[in-house]
Each structure stands twice: as structure tokens, then as C-alpha cells.
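**Student:** One structure, as C-alpha cells, below. Some questions next.
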Amino acid sequence: MRKYMKTTSRNRFILIASTSYLVFALFWIFLSDQFLTISADIKSMVWLSTAKGVFFVISTTVMLIVALHTVPPQNASSTETLLDKLATGLTPSLAKYLFAFIISLSMLLVRGGIALSFEARPLMILFIFPIILSAYIGGLWPGLLSTATVALGLFFFMMPPLHSSSNTNIFDRIQLGILVANGFAVSLLSEMFKRSYAKAETNRRLLNTVVTGTTDAIFIKDREGRYVLLNKAAEGFIGKKVDEIIGYDDNALFSEPTARTLMAEDRSIMETGKIMTSEIQAANSAGRVIDFSQIKGAIIDKQGRCIGMFGISRDISERKLAEENLRAAKTMFEAALANMSDAVFISDTTGKFTHFNDAFVTFHKFRNKEECAKTFDEYPKFIDVYLITGELVPVENWAVPSALRGEIGTGVEFRLLRKDTGQTWFGSYNYAPIHNQEGCIVGSVVTARDISESKAAEEKITGYIIQLEKAMRSTLQAVANVVEAHDPYTAGHEWRVGIIAADLAREMGWSEEKCDTLHLIGLVHDIGKMSVPAEILSKPGRLSAIEFELVKTHAEQGYQILKDVEFPLPIARIIREHHERMDGSGYPQGLKGDEILIEARILAVADVLEAMASHRPYRPSLGLEEAISEIESHRVQHFDPEVVDALLRLFREKGYQLPA
412 MRKYMKTTSR
422 NRFILIASTS
432 YLVFALFWIF
442 LSDQFLTISA
452 DIKSMVWLST
462 AKGVFFVIST
472 TVMLIVALHT
482 VPPQNASSTE
492 TLLDKLATGL
502 TPSLAKYLFA
512 FIISLSMLLV
522 RGGIALSFEA
532 RPLMILFIFP
542 IILSAYIGGL
552 WPGLLSTATV
562 ALGLFFFMMP
572 PLHSSSNTNI
582 FDRIQLGILV
592 ANGFAVSLLS
602 EMFKRSYAKA
612 ETNRRLLNTV
622 VTGTTDAIFI
632 KDREGRYVLL
642 NKAAEGFIGK
652 KVDEIIGYDD
662 NALFSEPTAR
672 TLMAEDRSIM
682 ETGKIMTSEI
692 QAANSAGRVI
702 DFSQIKGAII
712 DKQGRCIGMF
722 GISRDISERK
732 LAEENLRAAK
742 TMFEAALANM
752 SDAVFISDTT
762 GKFTHFNDAF
772 VTFHKFRNKE
782 ECAKTFDEYP
792 KFIDVYLITG
802 ELVPVENWAV
812 PSALRGEIGT
822 GVEFRLLRKD
832 TGQTWFGSYN
842 YAPIHNQEGC
852 IVGSVVTARD
862 ISESKAAEEK
872 ITGYIIQLEK
882 AMRSTLQAVA
892 NVVEAHDPYT
902 AGHEWRVGII
912 AADLAREMGW
922 SEEKCDTLHL
932 IGLVHDIGKM
942 SVPAEILSKP
952 GRLSAIEFEL
962 VKTHAEQGYQ
972 ILKDVEFPLP
982 IARIIREHHE
992 RMDGSGYPQG
1002 LKGDEILIEA
1012 RILAVADVLE
1022 AMASHRPYRP
1032 SLGLEEAISE
1042 IESHRVQHFD
1052 PEVVDALLRL
1062 FREKGYQLPA
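Residue numbers 412 to 1071, in the numbering used here, belong to the letters of the sequence shown in order.
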């Protein structure tokens, strides 16, 4: 039963419609009977009684149709009804004017059918009804049309003398004037009312759209703390449907501690009339724990009395969870930074350091955090920054400004100098910009590591490497000297082959380091000749087949001597393959094409060129041009085309000369 007693728009409409019908029916019965008693003609009374009944049936039928179209739905108040359309002027304008004209004309015909002389009783009071109805439905102009229609009809057809404009009855003229004045006033007031209603309705619908569409819970309570109005979003907060909330207070909707807190707030607000903002965690009737912020305020009437309160609540559970996660992440972040040995500092776009760890203090040679520079602009007062090569770095190219320009640096090394103490050290920097969700730069993050010790160690290692390279060069040169001593007739051959091979590699675009290494290999490429008897190497005539086969073993013997030596390039394989040929006609393995190391292919061209252009015990020098032509003629067949092309460019285009 309680459900049907609730104050809803539907129930209110039913009450208003029923009451209106009751008043209209009673009014019609009494008024129509009074009209009938005025008539003296029995026949007229009979048909008028019939007309009265027909009119009542028609009018009540129309009222029923309007009511059925107007009644609000059970669970909504925003549906537009026929009454709304009529009241806001949404029906077609022509229909309004036709309605005004027809109802006014109908009333004239009804009055004309009453068996009562016009001279005795014009009954102008009857015609205020069509004027009011026309003005209510159509506004100003339909109301004025109705007023004009009944006025002209009365003046020409119902006021003596009939069908004439020369009416002399002052009383009738006064009544007609009053009727016209009332019609004008009613039409004007109706238009003003319609416009005010339309404006109010627009505001109501806008407000309803905002209230309905928002995800915030909006509610109104009466003086006793009962909910009297709330939006759909409130269901999610309370955990019940709107119909299950209206009429109840917080005791019936929340746990006892939460209800006690909420109701205490409500009493305080309604007693003081102040607006209160708070954040509360509560479990609703569905058992869901919600963090929500709320704004509450008292509703004051015109007499200054508090008649209730309003509230707006917002679910902040996700925000609270995010804040908690952020606090935990911040705690972990700060703990991680505190334990890092690298200096870490974060700045905003103005260069102000929003965070830096203890290592920042140590790295920049400050005594404590209080002494540290708090903004980037303070930095140049304490420190100068240099490149490793010694040039002073402009301030705008330091890590923080570079990051704020959107640049990223990894392992950028600088030398730093404290101006006040003269301390100098080396630092390796990583820096990057910090972007927000929109991609805009909002700060910078920089890490720095003191690499002074590693730089010192690096310098020592570099020194050791230089010493080792010198020692290696000396050793290889010593080996080359031993080889030359064993074969004095080819003195300088290994040295020149090494130079020619390195220059060919440079022409082919090799790095200087690899070219230099190839030069060193050239110094010992014939080390295997140590295993060949000296008398064979220096024999002036043609070698026998056995002697030639013995000489050919020097490539394999060189491999066996150096195979266990660690070297930047595979020195043993290169020496073994420097007599191989592209078509497989070489020795000792008969390799072809890419099976031969590229270093060995370069060494092969350099070896043949130097040997043919130099004097030998068994023949005189063949000359440089003939040596080049010989190599060119065997391009592809014996020698790598790329190496031969490099050789031709050196000699024929760049004027290269054999080393002396």
C-alpha cells in the first residue's frame, strides 16, 4: 500500500485529473440546469437538454483523450505529452486559429439556439469560455481572434436591433466592451503565462538533462532526513533502486556507523544553514565499499526557514586507489633513489630541481643537501663543464637544458671543475625529457656517474695497449729481420708488401685500424720460408720440381708457426691463404673465390706486384707496368676484381708509387 501512497508525478496527475473532472461535472450540471430554467419554451428546453447531454459527452470524451495522452509514465517524468505540446505552443499555428474560430462560432450558435430573446438576456458571460480556451491553447492571437469573432457575432446578430450596426442600448454596449476588454486581457495574460511557462520548462529540461546525465549522485532530503528526490546516479551509491530509496532515511540504507555520521552531518547543516564538504568511506546496502566526496547545503524557504537539504556526492574510489598507489610508488621510488650510487636529479621546465638524491650531493662535491644548488641557474656559479677533449661546454648544452629541448643523451662524458675548490673529475650523464599524457615536455630527468677512476684506469690501459702494440711491432719487425737474414736476396720484400696491402685496403674503404693490422701481417707473411733451405731460396737458376714444391710449403709452415698466436685478425689463416687463387689454382689448399679470406686476397695482389717489380736472383725486375698488366690480365681468374680495381685506381688515377 505504501507504494501507491508515494508522491510521484503519475500519482499527482491522477489526483489532479480526477479532481478536475469532478469539479467540471458538478459545475456543468448546476450551470446547465440554471440555463435551462431561464428558457420559457418547453420545446426549446427539450432539445437544449438533449444538446446539453451531447455536449457533456463530447467534452468529457475529449478530456479523457487528453488525459490518456498526458498521463506521465510510471518510471519517467521527461516524456513530452500532448498537454505539454499544447501549453508550449507546439501544435500547428493554423490549427490554433481554426480552433479559436470554430469554438467561438459554436458558442454563438449555441446561444442562438436558446429559446430566450436576445433583447431580454444577451448572456455575454457565455462567450468568455471560448475566449479563455482559445487563449489558453493558442496564446495572444488566437485569443484575440476568438474575442473578435464573438464580439462581431454578438454585435450584428444578437444585440437589438439585429443585423444592424446602429445599436443604441448603452447597457449592451458596456457589456460588449467589458467582454472585449476581458478577452484582450485574458489573451495577453495567457501569452505572458505561456512564454513564462515555456522559459521555465526550457530551464527545467536543461536542469533535468544535467541532473540526469551527470555521474554524480544528486539528492534532496526533507527536515527528517528522508530522501524526497534523487537522480539515477544515486542508485549506484546507495545500492538500491530510486523507488526503494524515496521516503527512507540513511538508517535504512547504510550501516549503522555510516548512517550515524551522515545524519549527524545533515542535522548540523540544517541547523546552521551552512554548506559542508567532506570525504567519507561507506559500505552501501549492496555491500560495496565506496569512497566518496560530498557537498551538502540547507534549503531555505522565503521565510528563512530550513525545509530540507540538498547533496551532491561523487565516487572517488578510483581516485583514492590511484592516490594510494601513487604514494606507494613514490615511497618505493624515493627508497630506490636513496640507495642509488648514481646522482639523480629531476627538474621542472623552469630548471627548479623537484627531487635529487644523496648521491647528487656527493657527485657535485657539496658538503650537504642544504648547500646544494636548488635550481639549474645556480649551477654555473659552482661548476664549469668541459668536453673530454678539453673545450668548455656552453651552459645551454649542459644536460638539463638539452633534455628540456627534447634531446636524449646516453653515456655523455664531461670533465667537471669546481670553481671554488679547483676539484676536477669526470662524469658520465644520461638525460631525457619528461612528457605528460599530451606529449608536452614538463621536466627533465638526469643521472650522473663519477667515472674518474674508470677514466684513470682507461688511460693506463690505453698506455699498456700502446706499449703492447709497440712491442708487437718490434717483435714482428724482428721476425721479419730474421726472415730477411735467411733470404737476403728478397730483403725489404715483406716490409713493402705490408705497405702496399695496407694502402690497397685504405683504397677499398677499410678502417685505419684494420689497414694498420694488415700492414703488420705483411711484415711476416713469408715467415714459413724459415723452413726452406737458404740455398734453394737464393738459387740463381730455375728450381727443380722438388725444390719448387719445397718452396711452396712456406705458406703452410707459416700457418703452423702462427696458428696459436692471438691477433686482431686471423693472421695464421691469412698467411696460409696468400698464395691461393680465385679459380682454385693456388696452394696449399686450392681454395676458390670467397673461400679465401679477403685479407689474403689483398695480400696476394700486393705480394705478386712487389715480387714482379723487384729484382730476384733468378731473374731481373720485370718492371712496374708489366707487373700491373699481368695482374690486370688475371683479374677474376686469379685475383679478386675489387682488389685489382683498387690497385688500378691507385696507380693509374692517383699516381701511386711503390715504397722505396
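Quick reminder that beta carbons are idealized off the backbone N, C-alpha and C, glycines included.
1. Looking at the C-beta of residue 1050, does it have a partner C-beta in chain D at a distance below 7 Å?
2. Quick check on the DSSP output: the beta strand (DSSP E) that includes residue 725 runs from which residue to which?
3. So residue 687 packs on residue 632, CB below 8 Å; how close in whole Å?
4. Looking at the strands, I want to know which residues DSSP matches up with residue 847.
5. Looking at C-alpha atoms only, which residue of 1008, 836, 872 is the closest neighbour of residue 862?
6. Just to confirm my understanding: we take residue 842, look at its own chain, exclude 5 residues before and 5 after, and list those with CB closer than 8 Å. What are they?
7. How long is the line joining the alpha carbons of residue 490 and residue 607, rounded to whole angstroms?
8. Let's see if you can read the secondary structure: which residues bound the beta strand (DSSP E) around residue 705?
9. Identify whether residue 692 lies in helix, strand or coil by the three-state DSSP scheme.
10. Tell whether a beta-carbon distance below 7 Å holds between residue 724 and residue 703.
11. Taking residue 800 as the reference, give the member of 903, 790, 827 with the closest Cα.
12. Under DSSP, the alpha helix (DSSP H) around residue 1013 begins and ends at which residues?
13. Relative to the C-alpha of residue 938, which residue among 916, 609, 987 is closest?
14. May I ask you to report which of helix, strand or coil DSSP gives residue 943?
15. Suppose you measure from the CA of residue 1014 to the CA of residue 909; what does that come to, to the nearest Å?
16. Would you list the one or two residues that DSSP bridges to residue 1050?
17. Please confirm if the region 995-1002 is in contact with the region 912-921, defined as three or more CB-CB distances below 8 Å between the two stretches.
18. Kindly indicate which three-state DSSP category residue 1002 falls into: helix, strand or coil?
19. Would you give the residue range spanned by the alpha helix (DSSP H) that residue 918 belongs to?
20. For residue 839, which of helix, strand or coil comes out of DSSP?
21. My output table needs one value for residue 687: the three-state DSSP class, helix, strand or coil.
22. Any idea what DSSP makes of residue 990, helix, strand or coil?
23. Is the separation between the beta-carbon of residue 940 and that of residue 904 shorter than 7 Å?
24. So is residue 639 buried or exposed if we call it buried at 16+ other beta carbons inside 10 Å?
25. I need the straight-line Cα distance from residue 672 to residue 711, nearest angstrom please.
26. For residue 729, name the three-state secondary structure that DSSP assigns.
27. Keeping to the same chain, check which residues put their C-beta closer than 6 Å to that of residue 625; ignore five residues upstream and five downstream.
28. Can you find the residues in the same chain that come closer than 8 Å, C-beta to C-beta, to residue 936, ignoring five residues on each side of it along the sequence?
29. With respect to 6 Å, is the separation between the Cβ of residue 1071 and the closest non-hydrogen atom of the ligand FMN below this value?
30. Taking the alpha-carbon of residue 629 as reference, which of 641, 635, 636 has the nearest alpha-carbon?
31. Apart from the five residues on each side of it in sequence, which residues of its chain come closer than 6 Å, Cβ to Cβ, to residue 1067?
32. Exposed or buried, what is residue 930 when buried is set at 16 or more other beta-carbons lying within 10 Å of its beta-carbon?
33. What first and last residue would you give for the beta strand (DSSP E) that runs through residue 827?
34. Should residue 555 be labelled buried (16 or more other beta-carbon atoms within 10 Å of its own) or exposed?
35. Report the CB separation of residue 561 from residue 598 in whole angstroms; it is logged as a contact under 8 Å.
36. Measuring CA to CA, which of 627, 645, 552, 569 is closest to residue 603?
**Tutor:** This is what the structure gives:
1. Annotation note: the requested chain D is absent from the structure, which comprises a single protein chain.
2. Taking the sequence shown and counting its residues from 1, one reaches residue 725 at position 314. For residue 725, the enclosing beta strand (DSSP E) covers residues 717-726.
3. On the sequence shown, position 276 is the one that residue 687 refers to. On the sequence shown, position 221 is the one that residue 632 refers to. Approximately 13 Å separates the beta-carbon atoms of residue 687 and residue 632; this is outside 8 Å, ruling out the contact.
4. Residue numbering aside, residue 847 sits at position 436 when the sequence shown is read from its first letter. DSSP lists no partner for residue 847.
5. Position 451 of the sequence shown, counting from 1, holds the residue named residue 862. Here the closest residue by C-alpha is 836.
6. Taking the first residue of the sequence shown as position 1, residue 842 is located at position 431. Hits under 8 Å: 810, 811, 813, 814, 818, 819, 820, 823, 855, 856, 857, 858.
7. The residue given as residue 490 occupies position 79 in the sequence shown. The residue given as residue 607 occupies position 196 in the sequence shown. Confidence at residue 490 is low in this model, with a pLDDT of 45, below 50, so the placement of that residue is unreliable and no value is reported for it.
8. Numbered from its first residue, the sequence shown carries residue 705 at position 294. Per DSSP, the unbroken beta strand (DSSP E) holding residue 705 starts and ends at 700-711.
9. For the purposes of this step, residue 692 is taken as residue 281 along the sequence shown, with counting starting at 1. Here residue 692 carries a strand assignment [DSSP, helix/strand/coil].
10. Taking the sequence shown and counting its residues from 1, the one referred to as residue 724 is at position 313. Taking the sequence shown and counting its residues from 1, the one referred to as residue 703 is at position 292. One thing to note: residue 724 has its Cβ within 7 Å of the Cβ of residue 703.
11. Residue mapping note: residue 800 aligns to position 389 of the sequence shown, counting from 1. The shortest C-alpha to C-alpha distance from residue 800 to any of 903, 790, 827 is the one to 827.
12. Your numbering for residue 1013 matches position 602 in the sequence shown. From DSSP, the alpha helix (DSSP H) with residue 1013 extends over 1009-1024.
13. Residue numbering aside, residue 938 sits at position 527 when the sequence shown is read from its first letter. Between residue 938 and the set 916, 609, 987, the nearest pair of CA atoms involves 987.
14. The residue given as residue 943 occupies position 532 in the sequence shown. Coil, per DSSP.
15. Within the sequence shown, numbered from 1, the residue matching residue 1014 stands at position 603. Within the sequence shown, numbered from 1, the residue matching residue 909 stands at position 498. Taking the straight line from one Cα to the other gives about 8 Å.
16. Within the sequence shown, the letter at position 639 stands for residue 1050. The partner list for residue 1050 (beta bridge, DSSP) reads 1046.
17. Taking a cut-off of 8 Å on C-beta distances, the region 995-1002 does not touch the region 912-921, as fewer than three cross pairs fall below it.
18. Counting from one through the sequence shown, the residue named residue 1002 turns up at place 591. For residue 1002, the three-state secondary structure derived from DSSP is coil.
19. By one-based count along the sequence shown, residue 918 stands at place 507. For residue 918, the enclosing alpha helix (DSSP H) covers residues 904-918.
20. Position 428 of the sequence shown holds residue 839. It is a strand residue.
21. Within the sequence shown, residue 687 is the residue found at index 276, counting from 1. The answer is strand: DSSP assigns residue 687 an E or B state.
22. To locate residue 990, count along the sequence shown from 1; it is residue 579. It is coil, neither helix nor strand.
23. As a working mapping, residue 940 is identified with position 529 in the sequence shown. As a working mapping, residue 904 is identified with position 493 in the sequence shown. Cβ distance not < 7 Å, so residue 940 and residue 904 don't count as in contact.
24. Looking up residue 639 in the sequence shown gives position 228. Looking at its Cβ environment, which holds fewer than 16 other Cβ atoms inside 10 Å, residue 639 is exposed.
25. Position 261 of the sequence shown, counting from 1, holds the residue named residue 672. Position 300 of the sequence shown, counting from 1, holds the residue named residue 711. Roughly 23 Å between the two C-alpha positions.
26. Numbered from its first residue, the sequence shown carries residue 729 at position 318. Shown here, residue 729 sits in a helix according to DSSP, grouped into three states.
27. Along the sequence shown, one-based indexing puts residue 625 at 214. Once the five neighbours on either side are set aside, residue 625 has no close Cβ partner at all.
28. Numbered from 1 along the sequence shown, position 525 holds the residue referred to as residue 936. Correct list, in chain order: 905, 908, 909, 969, 985, 986, 989, 1014, 1018.
29. Looking at this structure, you won't find the ligand FMN or any other ligand, since it has none at all.
30. On the sequence shown, position 218 is the one that residue 629 refers to. Its Cα nearest to that of residue 629, the residue 641 stands out among 641, 635, 636.
31. Residue numbering aside, residue 1067 sits at position 656 when the sequence shown is read from its first letter. Taken in chain order, the residues that qualify are 1061.
32. Numbered from 1 along the sequence shown, position 519 holds the residue referred to as residue 930. Buried is the call here.
33. Your numbering for residue 827 matches position 416 in the sequence shown. Residues 820-829.
34. Position 144 of the sequence shown holds residue 555. With a 10 Å radius around the Cβ and a threshold of 16 neighbouring Cβ atoms, residue 555 comes out buried.
35. If you number the sequence shown from 1, residue 561 lands on position 150. If you number the sequence shown from 1, residue 598 lands on position 187. Contact between residue 561 and residue 598 is ruled out by a C-beta separation of about 12 Å, above the 8 Å threshold.
36. By one-based count along the sequence shown, residue 603 stands at place 192. Ranking the options by Cα distance to residue 603, first place goes to 552.
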